[in-house]
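Residue numbers for the sequence shown follow our numbering, so the first one is 10 and each next one is one higher. C-beta atoms are modelled at their ideal positions from N, C-alpha and C, and glycine is treated no differently. Accompanying notes for the structure given below.
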Amino acid sequence: MIRALVFTHGRIGEEIVRVARMILGPEEGIEAMSNSGRSAEDLTAAVRDWLGPPGEGDPAVIVVDDYGGSCATIARLASAGRKDVVVVSGVNLAMVLGFLSWRESGDLPELASRLVAKGREAIIKLGER
């Protein structure tokens with residue numbers, strides 16, 4: 010089963026994961042991590058620890074909140090060269106709910122594409138659909 014790390018500034022990721030569990034019930038294979046108060050080196054090591062050694066364990070999606078931010082940079086550094094990890098930016102609740110619903114139904118690149126589409130689909134100006 011594909012797993013996910015919601016890696017964000019502050020407590021954004023914790024709250025998104027908490028609300029997703031409130032909607033769907035208890036879910037395994039998804040965790041949140043904050044960058045608050047931690048050095049880049051510490052965070053890179055923490056993400057690598059969460060991922061585990063290459064080739065061992067389940068594939069992973071790391072979803073981050075800001076494309077150009079420190080979480081995205083660290084996620085890319087920690088997962089560099091790994092075919093079993095995809096990093097997606099722009100995390101929102103729709104994306105996380107989609108992940109929890111689809112993670113067993115496809116391969117990693119397909120899931121990542123679906124998550125990007127779902128995240129974009131959820132961003133609209135209300136009243137124009």
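{"Asked": "Closest Cα partner of V4 within the set R91, I32, A13 and K134", "Found": "Given that the chain is displayed from residue 10 to residue 138, the structure contains no residue 4 and the question cannot be resolved."}
{"Asked": "Option in A49, V105 and D116 with minimal Cα separation from M31", "Found": "V105"}
{"Asked": "Three-state secondary structure assigned by DSSP to R129", "Found": "helix"}
{"Asked": "The segment 44–51 in contact with the segment 87–99 per 3-pair CB rule at 8 Å", "Found": "no"}
{"Asked": "For I83, three-class secondary structure by DSSP", "Found": "helix"}
{"Asked": "Contained alpha helix (DSSP H) runs [length at least 4] in the segment 57–111, N- to C-terminal order", "Found": "79–88 and 102–111"}
{"Asked": "Environment of A77 [buried if 16+ CB atoms lie within 10 Å]", "Found": "Per the sequence presented here, residue 77 reads as Gly, with Ala not at that position. That one is exposed."}
{"Asked": "Straight-line Cα distance separating G34 from G46", "Found": "30 Å"}
{"Asked": "Own chain residues within Cβ distance below 8 Å of A29, not counting five before or after", "Found": "E36, I39, L102, V105, L106 and L109"}
{"Asked": "Per-residue DSSP class, three states only, for E40", "Found": "strand"}
{"Asked": "Contacts around A41, its chain only, beta-carbon distance under 6 Å, and the 5 residues preceding and following it disregarded", "Found": "V15, G22, E23 and V26"}
{"Asked": "Three-state secondary structure assigned by DSSP to L135", "Found": "coil"}
{"Asked": "Terminal residues of the beta strand (DSSP E) in which R12 lies", "Found": "R12 to T17"}
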